[in-house]
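Quick note on the numbering used here: the sequence shown kicks off at 989 and runs consecutively. Note that CB positions come from ideal geometry on N, CA and C, so glycine has one too. What follows is one structure encoded as structure tokens, with my remarks underneath.
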Amino acid sequence: MGILVSHDRALLDGLCRRCLFLEEGAAILRPGGYSAASRQREQEKEAARQEREQAATELKRLRRVQVSRRSQADQAKAKRSARGLARHDSDGRARIGAAIVGGKDGQAGRLLAQLDGRLQRARERLAAMPGDKVERAGIWISAARSPRKTLVSLPAGSLPVGAARRLIHPRLSLGPCDRVALTGPNGAGKTTLLRRVLSELSLPPERVVYVPQEVSAEECTSLLEDIKASDDVTLGRLLTVVSRLGSRPEHVLGSRQPSPGETRKLMLARGVLREPYLVVMDEPTNHLDLPAIESLQAALVPTPCALLLVSHDRVFLSHLCAIEWRLELRGDETHLLVAVMDVGGTGGSEAPPAPPTSS
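Following this line, the structure appears as structure tokens:
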């Protein structure tokens, strides 16, 4: 028996038999690993949504019936009134008296009173149901496919990694719709290679979204001030993305310095508006919770631009990438191998097959 707290979906699937979800002040225990428990959660949400819709539909129907019966009751009340009758119209007064005694004209009023009770119960039932909580809706990354056939091309060579290690790599190229996962152990040289690729890009800087692994405090503050200075339309679009990635816009704007997770969301949000040809993210799932990771993943799946993602999150990468640049440590050298990504989800619809491995 043990408790594991993690954002690693593969780890949670492999080790956990039950998952505890903390949502909106409630703790809900569901069976299975994270994937199975999440599927049950979605089924529960869909069932609750359908139940709310049915309750709301029934309430609307009862309100329409109420309007109709109130009209009938008003007409019946008018019939029971002696106003408007001539002083000597004894027959008319007799008919009204008979209707009151017989209760026929009062039936509409009794039905209306009964309906009022049903309406109240319907309102209470709908109010007692869990409300439509604000879900982290998907975000669309307004990207585009570059007209260039090659975004970057590096000849075979090597790069220094620190003082005592070299990274040996074959010829590397990145096409306009390639989806590349850069993987390997810490210290192997992933960030070093990433910086080299960025320095060799044949793209306008404004059409590249780069979210680094580390951002200085000064950069965080500067980013936030730039975003606050945006016009209302741009600011609204930026904060919509931030909100859908799980951060409260008012909290982000009210802070002096955004947190590391908020900074990443702001950088991505700003990049979304540029229609990028390339999205480069170094450890994008760091500092994000699972719903935010899944929202980001869903946003990147359909985007037509190229992706270069550095991550240890194999589930995240398997949904998004078709090519893997894998770094392996061999003594005091790091060797880069190019391979087809082990796809466990759905990558991009236009992602090409991986190039052959170079030695």
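Does the separation of the CB atoms of Arg1258 and Leu1296 fall below 9 Å? no
Own chain partners of Tyr1198 with C-beta closer than 7 Å, once the 5 adjacent residues on each side are dropped: Leu1186, Val1268
C-alpha distance - Ser1146 paired with Asn1174, whole-angstrom precision: 18 Å
DSSP beta-bridge partners for Tyr1198? Val1268
Cβ pair count under 8 Å reaching 3, the segment 1137 to 1155 against the segment 1175 to 1182: yes
Please report how far the alpha carbon of Leu999 lies from the alpha carbon of Ala1151, in whole angstroms. 34 Å
Contact defined as beta carbons within less than 8 Å: I believe Arg1195 pairs with Leu1308. What is the distance between those atoms, to the nearest angstrom? The Cβ separation is near 20 Å, so there is no contact.
Quick one: which unbroken alpha helix (DSSP H) runs of 4-plus residues sit fully inside the segment 1144 to 1215? Chain order, please. 1178 to 1187
Checking contacts by CB at 9 Å: is Asp1301 closer than that to chain B? The chain inventory of the structure shown lacks chain B, comprising one protein chain alone.
Hey, would you say Asp1104 sits closer than 9 Å to Gln1054, going by beta carbons? yes
Determine, using beta carbons only, whether Arg1252 and Leu1276 come nearer to each other than 9 Å. yes
Within the same chain, show all residues whose beta-carbon is closer than 8 Å to that of Ser1247, passing over the 5 residues directly before and after it, in chain order. His1275
Beta-bridge partners of Leu1142, as assigned by DSSP: Leu1160
Complete runs of the beta strand (DSSP E) confined to the segment 1291 to 1334 [at least 3 residues]: 1294 to 1298, 1311 to 1318, 1321 to 1328
DSSP has Pro1019 in a bridge; who is on the other side? Arg1006
Taking its Cβ as the centre, do 16 or more other Cβ atoms sit within 10 Å of Thr1222, making it buried, or is it exposed? exposed
Residue span of the alpha helix (DSSP H) that contains Leu992, given as start and end: Run containing Leu992: none; DSSP gives neither H nor E here.
When Leu1003, His1157, Ala1286 are compared against His1323, the one with the closest alpha-carbon: His1157
Does Glu1250 come out as helix, strand or coil in the three-state DSSP assignment? helix
What is the residue span of the alpha helix (DSSP H) that Ser1283 lies within? 1278 to 1288
Taking the alpha helix (DSSP H) that Ser1231 falls in, what are its first and last residues? 1220 to 1232
In three-state DSSP terms, what is Glu1238? helix
Between Leu1278, Pro1292, Ala1110, which has its C-alpha nearest Gly1234's C-alpha? Leu1278
Work out the CA separation of Pro1264 and Pro1135 for me, nearest whole Å. 12 Å
Residues in the same chain with beta-carbon distance under 6 Å from Pro1200, minus the five sequence neighbours each way, listed in chain order, please. Asp1270
Other residues of its chain near Val1303: CB distance less than 6 Å, five sequence neighbours each side excluded: Arg997, Ala998
If the criterion is Cβ atoms closer than 9 Å, does the pair Arg1154 and Asp1320 meet it? yes
On the DSSP bridge assignment, give the partners of Ala1014 in chain order. Glu1011
Assuming Ala1131 and Thr1291 are in contact, meaning their beta carbons sit under 8 Å apart, how far apart are those beta carbons, in whole angstroms? 4 Å
Using CA coordinates, which residue listed in Ile1281, Asp1001, Pro1193 is at the minimum distance from Leu1266? Pro1193
Sequence-distant residues of its chain with Cβ nearer than 7 Å to Leu1017 (five each side left out): Arg1006, Leu1008
Roughly how many angstroms lie between the CA atoms of Arg1262 and Met1255, to the nearest whole one? 11 Å
Given this structure, state the Cα-to-Cα distance separating Gly1249 from Ser1026, to the nearest angstrom. 23 Å
Compare the beta carbon distance of Ile1311 and Val1289 with 9 Å and say whether it is the shorter of the two. no
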